[in-house]
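Asks: I am attaching a structure below and will ask some questions about it afterwards.
Numbering (our numbering), first residue to last: 5 to 799.
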């Protein structure tokens, strides 16, 4: 065909370009409903597959007669005749002129058959197998019809894994291994449908099955592990010789799979290179999926994904929501400590050695006196007694910026300033060792709370109630995770400390009498105790988000809550992004509220290319203009090799580029050694340790470079692209990468990546937060209702 009335469109299937041609728009629309239109490939060559649709004036009444001869295929079905030549990469579908094409009917079935046949002939070999994803690795579950492939896919879907296919995969070997599929549903027999599930009946491989929806799917993978299925009594995995696997899977192929001969053997061999196993199935397919998760749970999965998956399993299967010591819920404390344990194991660091009791008591007794001595350097801003205020603000002691020579809380300061403008006071509390002085405003030292709570808690003997604790620990160990923080004694001592600190905070809050309690990083340090004290007194507690949600799974992705919520979890989570998914399941005790990034508003009014602070920091010596301004956000994670390699790259970079090397605010001086030679760089175009606030820097940057820093989210608001040096970032900041606001790069390619970026131009912030007082006013309205709710539940 190709007359003046012919229409064309392009798509891709399994990486193969397809061109459709038809003189009927309704036929083309039906084809594109199955295979949505895409631009032609970037290779500049003609599409690899061509499918033409022709109308026939005469009705074709024929029985089903599929026939395959070599690389040619013909089929006549439901009045439609099709022909495909795999050698030429061409197919033709002839249908009655009076027929209305239906993507869900015979037309769609014929088109899929032709397209899949031609694509298979173009180097995508079909294999009778389901496939599930663990991270970026496809676990191919291969076997004959009835071996349990679809039931395994369903069990994997219910376990939260992505599904690549429930029945057939297509294996590409050249230029590299790629496993393809088009997952739309999981087809299972009626007897295997979980209670409460439903779906349409479909005829598959000569039998009727229910098509159940897939929760999360994937269309391709470039890594694979092969599991050959067999039935047995107990779920088991044993290594399998590759040649034996080939013999099992290519002997007596089922209809449709017999066309590929040696290509099928090569496909199996390619899949088995990542691992080849014999998987024995029990009567319960979920047992086999649990076995895979225990054995391979870390394969291709990021640290954050492993943590979130483990938390989901624990909260779904065990009674951790009943873990308590008095009125202190223990699970919120435990899940944070589990995060710390797993983070330490994944990124390095030793378990802190616990000092002897007498030493800890001595330190607790001496800390207030030491801090008073240090505080003499800033007597003006030291508060030693609570003061009645409209709001209480507890910082985390590390989210601090030095502005005009004094330290202020990055997230709490904007709240305090907004309240003061509206003639409302705030009582500011900061933990820490007074190593960062002077304060920018009057501050109450929470170190006294910490010391008194430790002294009180070590002499308490109240036992913790931890139902199913042994089962939880066994499950965690079976997942390959060491969790010393979840030992019974450790959990009980942590809960006693929180209970003691909460009592002290209650006395403080009784004198401050705030309407709202704001807390930075409510999951760590004194945060849970402050939140518990607020709950006891009916005060609305608000967690001020201090890092991107994706980068902080220890404080979100809750899967189950007790009826009264958790008293150590904030009442409100102040979120940065209006489109963030809910942090917790629906609850009258906890909710999310979009307030935006509290620190950004101060940097939105002035849209000129330079600010006075920037002028002083940048042009104070020489008024030099640079082609690229590059911010390096340091984190005390990553390997010494990465940081030393980055130092070499910076030293070799063009001198017309300026590098701003910024320590993480929570870093301690002793952690500098983790960065090797990076912090020792000394060149005119390298700035180490600038005290400018992060937004002040980002407004002028060309690009942000980090291992996997949440500063990339803040950079995106200023239209600054981010380059990650760790693949771990793909799980934490996948949405940024998907939106082309960030990407993962190899450190050796960094100079080329930065050189390819356009010069920095001043751009407005992409997402302006709502006015701070608007959000605070909403919280004040919520605070009254919350106090009434607490009074009813605690008469």
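Where a beta carbon is used, it is the ideal one built from N, C-alpha and C, also for glycine.
Take the Cβ of residue 48 as the centre, count every other Cβ of all protein chains shown within 10 Å, and call the residue buried at 16 or more, exposed below.
Replies: With a pLDDT of 42 at residue 48, under the threshold of 50, the modelled position of that residue is not reliable, and no figure is offered here.
Asks: The ligand COA heavy atoms versus the CB of residue 322: any closer than 7 Å?
Replies: Absence of the ligand COA from the depicted structure is noted, as is the absence of any ligand whatsoever, leaving it without description.
Asks: Would you mind working out which of 325, 516 and 718 sits nearest residue 337, comparing C-alpha positions?
Replies: Ranked by how close their Cα comes to the Cα of residue 337, the residues 325, 516 and 718 have 325 in first place.
Asks: Taking only beta-carbon atoms, is residue 239 less than 8 Å away from chain D?
Replies: The displayed structure is made up of one protein chain only, and chain D is not part of it.
Asks: Would you tell me roughly how many angstroms separate the C-alpha atoms of residue 672 and residue 697, rounded to the nearest one?
Replies: Between the C-alpha atoms of residue 672 and residue 697 there is a straight-line separation of about 18 Å.
Asks: Does residue 261 come out as helix, strand or coil in the three-state DSSP assignment?
Replies: coil
Asks: Mind checking which residues open and close the alpha helix (DSSP H) that includes residue 789?
Replies: Its alpha helix (DSSP H) spans residues 776-797.
Asks: Buried or exposed for residue 778, going by 16 or more other Cβ atoms inside 10 Å?
Replies: With a 10 Å radius around the Cβ and a threshold of 16 neighbouring Cβ atoms, residue 778 comes out exposed.
Asks: Could you say which of 76, 130 and 224 lies nearest to residue 137 if we only look at CA atoms?
Replies: 224
Asks: Taking one C-beta from the region 515-532 and one from the region 401-417 each time, how about it: are there three or more such pairs within less than 8 Å?
Replies: yes
Asks: Spell out a yes or no on whether the region 329-346 and the region 499-515 are touching, meaning 3 or more CB-CB pairs, one atom from each, closer than 8 Å.
Replies: yes
Asks: Which residues does DSSP pair with residue 501 in a beta bridge?
Replies: Partner(s): none; residue 501 has no beta bridge.
Asks: What residue does the beta strand (DSSP E) around residue 184 start on, and which one ends it?
Replies: Per DSSP, the unbroken beta strand (DSSP E) holding residue 184 starts and ends at 182-184.
Asks: Hey, quick one: how far does the alpha helix (DSSP H) through residue 114 stretch, first residue to last?
Replies: 110-125
Asks: Under the rule that 16 or more other beta-carbon atoms within 10 Å means buried, what is residue 320, buried or exposed?
Replies: exposed
Asks: Does the distance from the C-beta atom of residue 686 to that of residue 648 stay below 8 Å?
Replies: no
Asks: Short check: CB of residue 24 to CB of residue 32, under 8 Å?
Replies: yes
Asks: Buried or exposed: residue 280, going by 16 or more other Cβ atoms within 10 Å of its Cβ?
Replies: buried
Asks: Okay, do the region 149-162 and the region 77-86 touch, 3+ Cβ pairs below 8 Å being the bar?
Replies: As far as the Cβ criterion goes, the region 149-162 does not touch the region 77-86, which means the pair count is below three.
Asks: Given a cut-off of 8 Å on the beta-carbon distance, is the pair residue 451 and residue 371 in contact?
Replies: In this structure, residue 451 places its C-beta atom within 8 Å of the C-beta atom of residue 371.
Asks: Residue 387 to residue 461, Cα distance in whole Å?
Replies: 25 Å
Asks: Nearest by alpha-carbon distance to residue 736: which of 743, 713, 439 and 752 is it?
Replies: 713
Asks: Report yes if the CB atom of residue 727 is closer than 8 Å to the CB atom of residue 683, and no otherwise.
Replies: no
Asks: Tell me the DSSP bridge mates of residue 4?
Replies: This structure cannot speak to residue 4, because the chain is shown only from 5 to 799.
Asks: Taking a contact to mean a Cβ-Cβ separation below 8 Å, would you say residue 579 touches residue 549 in this structure?
Replies: Result yes, Cβ atoms of residue 579 and residue 549 sit closer than 8 Å.
Asks: Quick check on DSSP: helix, strand or coil for residue 470?
Replies: coil
Asks: Give me the residue from 243, 119, 89 and 330 with the minimum Cα distance to residue 15.
Replies: 119
Asks: Less than 8 Å separating the beta-carbons of residue 318 and residue 479?
Replies: Contact: yes.
Asks: Please determine if the region 253-263 and the region 433-444 are in contact, where contact requires at least 3 C-beta pairs separated by less than 8 Å.
Replies: no
Asks: Round the Cβ separation of residue 293 and residue 163 to the nearest angstrom and send it over; I've been treating them as touching at under 8 Å.
Replies: 5 Å
Asks: Could you compute how far the alpha carbon of residue 315 sits from the alpha carbon of residue 339?
Replies: 7 Å
Asks: Could you have a look at residue 518 and say whether DSSP puts it in helix, strand or coil?
Replies: coil
Asks: How many Å lie between residue 806 and residue 455 at the Cα?
Replies: For the chain, the structure presents residues 5 to 799; residue 806 sits outside this window and is missing.
Asks: Using the C-alpha atoms, what's the distance from residue 322 back to residue 75?
Replies: 55 Å
Asks: Are residue 438 and residue 375 touching if we call contact CB-CB under 8 Å?
Replies: Contact flag set, yes.
Asks: Give the straight-line distance between the Cα atoms of residue 393 and residue 595, rounded to the nearest whole angstrom.
Replies: 25 Å
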